[in-house]
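Novice:
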Amino acid sequence: MHRISVLIPILFLAITFPATAQVLNVEQVRADSDTTGWVGELGFDLSLNKFNDRVLKTGGEANASYFSHLHQYILLTQLDIVTVDGNPLVSDGYSHLRATLLRKKPLSPELFTQYQYNNNLDLKNRALAGAGVRYNFLNGESISGSFSTGLMAEYEEWELSDTETVENTFLKSTSNLVIRGQLNPQASLTLIGYYQARPDRFFEPRVTSENRLTLRISERLSFRVNFTLMYDTDPVIDVPNLTYELKNGLVFTL
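Numbered according to our numbering, the sequence shown terminates at residue 314, and the numbering increases by one at each position without gaps.
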């Protein structure tokens with residue numbers, strides 16, 4: 061199966077409390093278990109905010125997945141550019157690579173690695189690598205569910221000022237629960253919950269909920285609504301513990 065999708069959001073509303081770090085939504089690009097071959101998506105977004113300064117944010121992402129009969133390989137990339145009062149600044153970006161082995165089995169080993177930066181939050185570098193196992197506990201005609209858990213090594217470099225930086229290296233547990241449902245022939249819903257924490261501070265986590273509603277308009281045109289809610293118990297920099305984002309868009313499948 062060969063499929064390329066182009067995502068062009070018509071509205072991007074960021075309720076702008078910045079997140080301290082991004083938990084990647086890998087689950088959104090997984091396909092049906094019967095899919096084989098390449099699956100790709102190109103995304104573009106635009107937002108305009110006015111507080112003390114006028115902030116225009118444009119972004120693009122490219123996702124590519126290859127599904128063999130046994131395994132799945134996912135590559136995600138994203139770059140955002142922020143313009144403040146007409147001055148363009150490269151804001152943030154990431155690359156994420158993941159392999160799911162024996163993807164059709166109830167238990168599937170996973171390997172992943174990621175690089176990320178966010179100049180808006182003074183996150184100079186963030187790199188991680190890890191492994192885990194994915195359990196597919198529900199596989200019906202109109203609903204599916206899975207649970208993943210594993211460990212990852214994470215390195216972060218934060219710039220608190222022109223002369224002060226903070227470097228952190230942690231071992232963290234990472235878990236997520238995913239439910240996908242086909243509400244009717246024109247509507248589908250994906251619910252994802254993440255829990256990440258250091259083993260020695262397991263009850264001081266970073267918790268994320270990502271939810272997507274897709275409404276099919278025609279064979280090649282869909283409308284999507286994405287809502288992300290994040291709570292970080294102990295953020296590195298001085299930002300609110302709770303952050304959230306709402307994004308609406310059109311999806312064209314070619």
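No residue lacks a Cβ here, since even glycine has one placed at the ideal position from N, Cα and C.
Looking only at DSSP bridge pairs, what is LYS232 linked to?
Specialist: DSSP output for LYS232 lists MET212 as bridge partner(s).
Novice: Less than 9 Å between the beta carbons of GLU270 and TYR254, yes or no?
Specialist: A contact, by the Cβ cut-off of 9 Å.
Novice: Could you please give me the residues that DSSP links to PHE207 through a beta bridge?
Specialist: DSSP, once it has assigned bridges, lists TYR195 and LEU237 as partnering PHE207.
Novice: Helix, strand or coil, according to DSSP, for ASP152 in the structure here?
Specialist: Correct three-state label for ASP152: strand.
Novice: Looking at the unbroken beta strand (DSSP E) that takes in ARG266, where does it start and where does it end?
Specialist: Start and end: 266-276.
Novice: Taking buried to mean at least 16 other C-beta atoms within 10 Å of its own C-beta, is PHE72 buried or exposed?
Specialist: Reliability of the predicted coordinates at PHE72 is poor, the pLDDT of 42 falling under 50, and the value obtained from them is presented with this limitation in mind. Burial call: buried.
Novice: Where does TRP218 land, buried or exposed, given buried means 16+ other C-beta within 10 angstroms?
Specialist: Per the 10 Å Cβ criterion, buried.
Novice: Kindly indicate which three-state DSSP category ARG261 falls into: helix, strand or coil?
Specialist: Note: ARG261 maps to helix in three-state DSSP.
Novice: So who's on the other strand from VAL285, going by DSSP bridges?
Specialist: DSSP output for VAL285 lists LEU273 and ASN308 as bridge partner(s).
Novice: Check whether the region 164-174 and the region 194-201 are in contact - that is, three or more C-beta pairs closer than 8 Å.
Specialist: Touching, yes.
Novice: DSSP on LEU183, reduced to helix/strand/coil?
Specialist: In this structure, LEU183 counts as strand in the three-state DSSP scheme.
Novice: For a quick check, are the C-beta atoms of PHE287 and LEU275 less than 9 Å apart?
Specialist: Their beta carbons are not under 9 Å apart, which means PHE287 does not touch LEU275 by this criterion.
Novice: Suppose the cutoff is 7 Å on Cβ atoms and the five residues either side in sequence are ignored; what does the same chain contact list for GLU224 look like?
Specialist: Once the five neighbours on either side are set aside, GLU224 has no close Cβ partner at all.
Novice: Decide if SER278 is buried, meaning its Cβ has at least 16 other Cβ atoms within 10 Å, or exposed.
Specialist: Classification for SER278: exposed.
Novice: From ASP298 to PRO245, what does the alpha carbon distance come to, in whole angstroms?
Specialist: Distance between the alpha carbons of ASP298 and PRO245: 45 Å.
Novice: What does DSSP give as the partner residue(s) for SER248 in the beta ladder?
Specialist: DSSP lists GLN242 and THR274 as partners of SER248.
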